[in-house]
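S.K.: Using my numbering, count along the sequence shown one by one with no gaps and you end on 476.
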Amino acid sequence: MAGDNTLRGKNVLVVGAGSSGMAAISALRKEGAVISLQDQKSREDMNPKVLEYIDGKLAEEFLGTVPGDTEKYHMLVLSPGVPPDTPFIGMCRKNGAKIIGELELAYMMTQGRFAAITGTNGKTTTTALTGEIFAKAGKDHHVVGNIGIPVVSKAAMAEKDTWLITEVSSFQLETIEKFRPQVACVLNLTPDHMDRHKTMGEYGKVKARIFENQTKDDFAVVNYDDKACRAMLKGMKGKAFPFSRKEELDGGAFIDGGNIVVREKDKKPQIVCAAGDLKIPGEHNLENALAATAMAYCAGIDIKKIAAALKSFNGVEHRLEYCGSAEGIRYVNDSKGTNTDAAIKAIHAIDGRIVMIAGGYDKGADYEDLIKEFKNKVICAVLIGKTAVKIKNTAEKMGFTDTLIVEDMESAVREATRKAGAGDTVLLSPACASWDMYKNFEERGRHFKECVKKLGAER
18 MAGDNTLRGK NVLVVGAGSS GMAAISALRK EGAVISLQDQ KSREDMNPKV
68 LEYIDGKLAE EFLGTVPGDT EKYHMLVLSP GVPPDTPFIG MCRKNGAKII
118 GELELAYMMT QGRFAAITGT NGKTTTTALT GEIFAKAGKD HHVVGNIGIP
168 VVSKAAMAEK DTWLITEVSS FQLETIEKFR PQVACVLNLT PDHMDRHKTM
218 GEYGKVKARI FENQTKDDFA VVNYDDKACR AMLKGMKGKA FPFSRKEELD
268 GGAFIDGGNI VVREKDKKPQ IVCAAGDLKI PGEHNLENAL AATAMAYCAG
318 IDIKKIAAAL KSFNGVEHRL EYCGSAEGIR YVNDSKGTNT DAAIKAIHAI
368 DGRIVMIAGG YDKGADYEDL IKEFKNKVIC AVLIGKTAVK IKNTAEKMGF
418 TDTLIVEDME SAVREATRKA GAGDTVLLSP ACASWDMYKN FEERGRHFKE
468 CVKKLGAER
């Protein structure tokens, strides 16, 4: 817990100089730890702001290299992008170091309660919506995690009645030990990060770790319509409160007569609001709303407050974000669609014909399922990034030949506009990560919006 000084004087190596690494350094300094930093980038390649922040604050720096002495560290705090099986990390573990991530560090340092959300797709929307519900209810809370604010940056200030609404990735769950969310949710499971997890079985096991430290007093929210998620209910320590878009549940959140309802076991359903009251489009967003409703209800929030938030929530940036229209062509930014399942959901959510901008960093995905969804909907795929050729070849093998490879986002928007007509939508939904061309999906999405703005599109 915060302030117990268990880290005072301990040698801690922070691995990764991104935002979570910097937040970890800040938190560890307050705890009195002796901090060192390792990052694969050399000092010359490092962000100057990072260098300005760390200079004079660290015991040692290993930038572009790794520590030679792996015996002196009591703890390593890994940034999410760092694989735990990296050789020098393995040596530190063998020599007795505790290997954790920023999420576990935050849990060690806080008195707050966690409502944690994971899954392949919909995490950011569900996390933001859950935070909106807590705000409407007047609950003390912070919205943190993969959504953009490191958990550890808010952990120490959280009091016993503070909720940390936390978007959690599989990478973060790899390095937990005692992390225990009072309400935990898995939204769905589809292939993603196979370059790191190798198999769907291993990926699912990592996601399921969000429940492993729960007790009978905690709540487990899962997507009942997803077989892999539903299987997680077996042997669950916490109280199961699933959600379903397709089935009536005896205990959970589901759709009844066109309404979002919640029901405790053996009791009558309580109407929250009409499903049609949601402003966010698509069946996947209905699932996200059901998940947020279930989590908020388990946290004791009044149904009227939940309904008010569901009706007012406009969605999140970079997720099916309307960017304007020009000459009858709509532009939609779905840069957060970093895997094929997310891109498929975006296609389903849009009415009418689509010119799709896709491609990016290769996470080892197979694009056949995505191409299948092009039929009668996507009229052209404009491809960028390292996966452009891979997606083009897959499409042509499957009989979809209207593809075009371009060098950058400016060219992609220009060519997509040329291919589209009045009533069509130009959709950026890359089905890939952004790391080959951009620092993150946010930067990619902002660049898309800048390119659209240059066309004179009006919102």
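For glycine and all other residues, C-beta sits at the position ideal for the given N, C-alpha and C.
#1: Who pairs with V238 in a beta bridge, going by DSSP?
#2: So, are the CB atoms of H335 and N350 less than 7 Å apart?
#3: Near K471, which residues of its chain fall below 7 Å by C-beta distance, leaving aside the five closest residues on each side in sequence?
#4: By DSSP's criteria, L120 is part of a beta bridge. Which residues make up the other side?
#5: Taking only the alpha-carbon atoms, compute the straight-line gap between D157 and E300 and give it to the nearest angstrom.
#6: Only counting the same chain, and skipping five residues up and downstream in sequence, which positions put a Cβ closer than 6 Å to that of C202?
#7: Could you check the C-alpha separation between K153 and A325 for me, to the nearest Å?
#8: Can you name, in chain order, every residue of its own chain whose Cβ lies under 6 Å from the Cβ of M454, other than the five neighbours on each side?
#9: Kindly indicate the opening and closing residues of the alpha helix (DSSP H) around Y314.
#10: Starting from D351 and walking both ways along the beta strand (DSSP E), at which residues does that stretch end?
#11: Which whole-angstrom value describes the C-beta separation of Y241 and G269, a residue pair presumed to lie in contact below a C-beta threshold of 8 Å?
#12: From this set, Q231, G218, G255 and D235, which residue's C-alpha is nearest K244's C-alpha?
#13: Leaving aside the five residues before and after C109 along the sequence, list all residues of the same chain whose C-beta is less than 6 Å from its C-beta, in chain order.
#14: Residues in its own chain within less than 6 Å of G221 by CB, not counting five upstream and five downstream?
#15: What does the alpha-carbon distance come out to for the pair V31 and L181?
#16: When the distance is taken between beta carbons, is A76 closer than 7 Å to V51?
#17: Between I106 and T192, which are expected to be in contact by the criterion C-beta below 8 Å, what is the C-beta distance as a whole number of angstroms?
#18: Is the Cβ-Cβ distance between I374 and A291 less than 7 Å?
#19: DSSP three-state label for H159, please.
#20: Roughly how many angstroms separate the alpha carbons of A343 and T434, rounded to a whole number?
#21: Just how far apart, CA to CA, sit I483 and H464?
#22: Given that a residue counts as buried once 16 or more other Cβ atoms are within 10 Å of its Cβ, and exposed if not, what is I371?
#23: Which whole-angstrom value describes the C-beta separation of G81 and S59, a residue pair presumed to lie in contact below a C-beta threshold of 8 Å?
#24: Which residues in the same chain have their Cβ closer than 7 Å to the Cβ of D178, if we skip the five residues on either side of it in sequence?
#25: So, for L120: in the same chain, excluding its five sequence neighbours on each side, which residues have a beta-carbon less than 7 Å away from its beta-carbon?
#26: Run through the DSSP bridge pairs and tell me what N457 is partnered with.
#27: Under the three-state reduction of DSSP, which class applies to S261: helix, strand or coil?
#28: Does the distance from the C-beta atom of A382 to that of T357 stay below 7 Å?
#29: Between which residues of its own chain and G38 is the CB-CB distance below 8 Å, once the five residues before and five after are set aside?
#30: How would you label R46, buried or exposed, when you count the other beta carbons within 10 angstroms and need 16 or more for buried?
#31: Checking the sheet assignment: what are the DSSP bridge partners for L327?
#32: Among S451, N457 and L445, which residue has its Cα nearest to the Cα of K466?
#33: Measure the beta-carbon distance from C449 to T404 and round it to whole angstroms, keeping in mind my assumption that it falls under 8 Å.
#34: Quick check on this structure: which residue in K321, E264, R347 and N230 has the alpha carbon closest to the alpha carbon of V289?
#35: Less than 7 Å between the beta carbons of I150 and I323, yes or no?
#36: Whole angstroms are fine: how far does the CA of G155 sit from the CA of T127?
M.R.: From the atom records:
#1: The count along the sequence shown starts at 1 and reaches residue 238 at position 221. Bridge partners of V238 according to DSSP: C202.
#2: As a position in the sequence shown, residue 335 is number 318, starting the count at 1. As a position in the sequence shown, residue 350 is number 333, starting the count at 1. Result yes, Cβ atoms of H335 and N350 sit closer than 7 Å.
#3: The residue labelled residue 471 in the question sits at position 454 within the sequence shown. Excluding positions up to five away in sequence, the list is empty.
#4: Here the question's residue 120 lines up with position 103 in the sequence shown. DSSP output for L120 lists no bridge partner at all.
#5: Within the sequence shown, numbered from 1, the residue matching residue 157 stands at position 140. Within the sequence shown, numbered from 1, the residue matching residue 300 stands at position 283. The alpha-carbon atoms of D157 and E300 are separated by roughly 30 Å.
#6: Here residue 202 refers to the residue found at position 185 of the sequence shown. Result list for C202: I134, V238, A308 and M312, in chain order.
#7: As a position in the sequence shown, residue 153 is number 136, starting the count at 1. As a position in the sequence shown, residue 325 is number 308, starting the count at 1. Straight-line Cα distance between these residues: approximately 7 Å.
#8: Residue mapping note: residue 454 aligns to position 437 of the sequence shown, counting from 1. Here the set comprises G402.
#9: One-based indexing of the sequence shown puts residue 314 at position 297. Y314 -> alpha helix (DSSP H) spans E300 to C315.
#10: Residue numbering aside, residue 351 sits at position 334 when the sequence shown is read from its first letter. Under the DSSP assignment, D351 falls outside any beta strand (DSSP E); it carries neither an H nor an E label.
#11: Within the sequence shown, residue 241 is the residue found at index 224, counting from 1. Within the sequence shown, residue 269 is the residue found at index 252, counting from 1. With a contact defined as Cβ atoms closer than 8 Å, Y241 and G269 qualify at about 7 Å.
#12: Counting from one through the sequence shown, the residue named residue 244 turns up at place 227. Comparing Cα-Cα distances from K244 to each of Q231, G218, G255 and D235, the minimum goes to G218.
#13: By 1-based counting over the sequence shown, the position of residue 109 is 92. Excluding sequence neighbours, C109 sits near T87, Y90 and L93.
#14: Against the sequence shown, residue 221 aligns to sequence position 204. Result list for G221: L206 and A245, in chain order.
#15: Locating residue 31 in the sequence shown gives position 14, where the first residue counts as 1. Locating residue 181 in the sequence shown gives position 164, where the first residue counts as 1. Roughly 23 Å between the two C-alpha positions.
#16: Indexing the sequence shown from 1 puts residue 51 at position 34. Indexing the sequence shown from 1 puts residue 76 at position 59. Pairing V51 with A76 gives a Cβ-Cβ distance under 7 Å.
#17: The sequence position of residue 106 within the sequence shown is 89, counting from 1. The sequence position of residue 192 within the sequence shown is 175, counting from 1. Wrong, their Cβ atoms sit about 10 Å apart, outside the cutoff.
#18: The count along the sequence shown starts at 1 and reaches residue 374 at position 357. The count along the sequence shown starts at 1 and reaches residue 291 at position 274. No. Outside cutoff.
#19: Within the sequence shown, numbered from 1, the residue matching residue 159 stands at position 142. Strand, per DSSP.
#20: Walking along the sequence shown from the start, residue 343 turns up at place 326. Walking along the sequence shown from the start, residue 434 turns up at place 417. Approximately 9 Å, taken between the alpha carbons.
#21: As displayed, the chain neither begins before 18 nor continues past 476, which places residue 483 out of reach and without an answer.
#22: Looking up residue 371 in the sequence shown gives position 354. So I371 ends up on the buried side.
#23: Along the sequence shown, read from residue 1 onward, the residue named residue 81 stands at position 64. Along the sequence shown, read from residue 1 onward, the residue named residue 59 stands at position 42. In this structure G81 touches S59 by the C-beta definition: roughly 3 Å separates them, less than 8 Å.
#24: Start at 1 with the first residue of the sequence shown, and residue 178 comes out as number 161. Excluding positions up to five away in sequence, the list reads D157.
#25: Locating residue 120 in the sequence shown gives position 103, where the first residue counts as 1. Excluding positions up to five away in sequence, the list reads V168, V185, Q189, I193 and F196.
#26: Within the sequence shown, numbered from 1, the residue matching residue 457 stands at position 440. Answer is none; N457 lacks a bridge partner.
#27: What you label residue 261 is simply residue 244 of the sequence shown in a count that begins at 1. S261: strand per DSSP, three-state reduction.
#28: Residue numbering aside, residue 382 sits at position 365 when the sequence shown is read from its first letter. Residue numbering aside, residue 357 sits at position 340 when the sequence shown is read from its first letter. In this structure, A382 lies near T357, with their beta-carbon atoms less than 7 Å apart.
#29: One-based indexing of the sequence shown puts residue 38 at position 21. Excluding positions up to five away in sequence, the list reads V31, V32, L54, D56, V94, S96 and E119.
#30: Taking the first residue of the sequence shown as position 1, residue 46 is located at position 29. So R46 ends up on the exposed side.
#31: To locate residue 327, count along the sequence shown from 1; it is residue 310. DSSP, once it has assigned bridges, lists no residue as partnering L327.
#32: Position 449 of the sequence shown, counted from the start, is the residue given in the question as residue 466. Among S451, N457 and L445, the Cα nearest to that of K466 is on L445.
#33: Along the sequence shown, read from residue 1 onward, the residue named residue 449 stands at position 432. Along the sequence shown, read from residue 1 onward, the residue named residue 404 stands at position 387. Confirmed, Cβ separation roughly 5 Å.
#34: By 1-based counting over the sequence shown, the position of residue 289 is 272. Among K321, E264, R347 and N230, the Cα nearest to that of V289 belongs to K321.
#35: Position 133 of the sequence shown, counted from the first residue, corresponds to residue 150. Position 306 of the sequence shown, counted from the first residue, corresponds to residue 323. It is a contact, given that the beta carbons lie within the stated cut-off.
#36: For this step, residue 127 is matched to residue 110 along the sequence shown. For this step, residue 155 is matched to residue 138 along the sequence shown. Rounded to whole angstroms, T127 to G155 spans 21 Å at the Cα level.
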